[in-house]
Structure formats: C-alpha cells, structure tokens
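Last residue of the sequence shown: number 154 in this note's numbering, and the count goes up by one each step with no gaps. I have placed the structure first, in the form of structure tokens, so that the comments after it can refer back to it.
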Amino acid sequence: MATPRVQVSQSTAPSQVWAELAPDSQHRAVQLLAQMALNFLTAQIRTAQKEDAVCLNSEITLSYVPTISLDQH
Numbered sequence: 082m083a084t085p086r087v088q089v090s091q092s093t094a095p096s097q098v099w100a101e102l103a104p105d106s107q108h109r110a111v112q113l114l115a116q117m118a119l120n121f122l123t124a125q126i127r128t129a130q131k132e133d134a135v136c137l138n139s140e141i142t143l144s145y146v147p148t149i150s151l152d153q154h
C-alpha cells in the first residue's frame with residue numbers, strides 16, 4: 082500500500098508546519114529528536130573511549146625486538 086505524499090511549498094515556514102501538527106505528533110517528533118541526540122552522543126563517547134584505549138595501549142606497550150640467545154642448555 083503506497084503512502085500518500087504531501088507536498089509542501091518551499092515558501093512554508095517550519096514554524097507554520099509545527100503549529101499545524103497535532104500535539105501527539107509534536108510530542109513524537111521531540112521524542113525522536115531526543116533519541117537521535119542521545120544516539121549521537123553515545124556514539125561520540127564510544128569513539129572517544131576507543132581512541133583513548135588505543136593511545137593508552139601504545140604508551141604502555143613496549144616495543145619488541147627479537148633476540149637470539151647464544152646460551153645452550
């Protein structure tokens with residue numbers, strides 16, 4: 082079933098569209114924006130934590146140079 086598309090002229094201000102939305106639709110729109118903001122911030126924090134972990138690991142990890150032991154048991 083196709084969803085009907087409503088065409089809005091480009092001269093319609095966003096405030097006019099918002100004012101015409103039912104309160105329930107306004108509430109859902111705000112909830113959606115809040116969820117998107119939370120997801121964005123959570124992703125930013127996770128990325129920063131991964132970058133910090135990589136930096137910390139590289140500071141702690143000592144470089145490994147293979148050596149040959151001449152000691153015979």
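Yeah, the Cβ is synthetic: ideal placement off N, Cα and C, and Gly gets one too. This structure is a prediction, so every number in the text was calculated from the model and none was measured.
What whole-angstrom Cβ distance do W99 and Q112 have, given they're in contact under 8 Å?
Your numbering for residue 99 matches position 18 in the sequence shown. Your numbering for residue 112 matches position 31 in the sequence shown. At roughly 15 Å, the Cβ-Cβ gap does not stay under 8 Å, so W99 and Q112 are not in contact.
Span of the alpha helix (DSSP H) holding A76?
An answer regarding residue 76 cannot be provided, because it is not within the stretch 82 to 154 covered by the chain.
Using the Cα positions of A110 and S96, report the straight-line distance between them to the nearest angstrom.
Counted from its first residue, the sequence shown places residue 110 at position 29. Counted from its first residue, the sequence shown places residue 96 at position 15. Whole-angstrom Cα-Cα distance: 14 Å.
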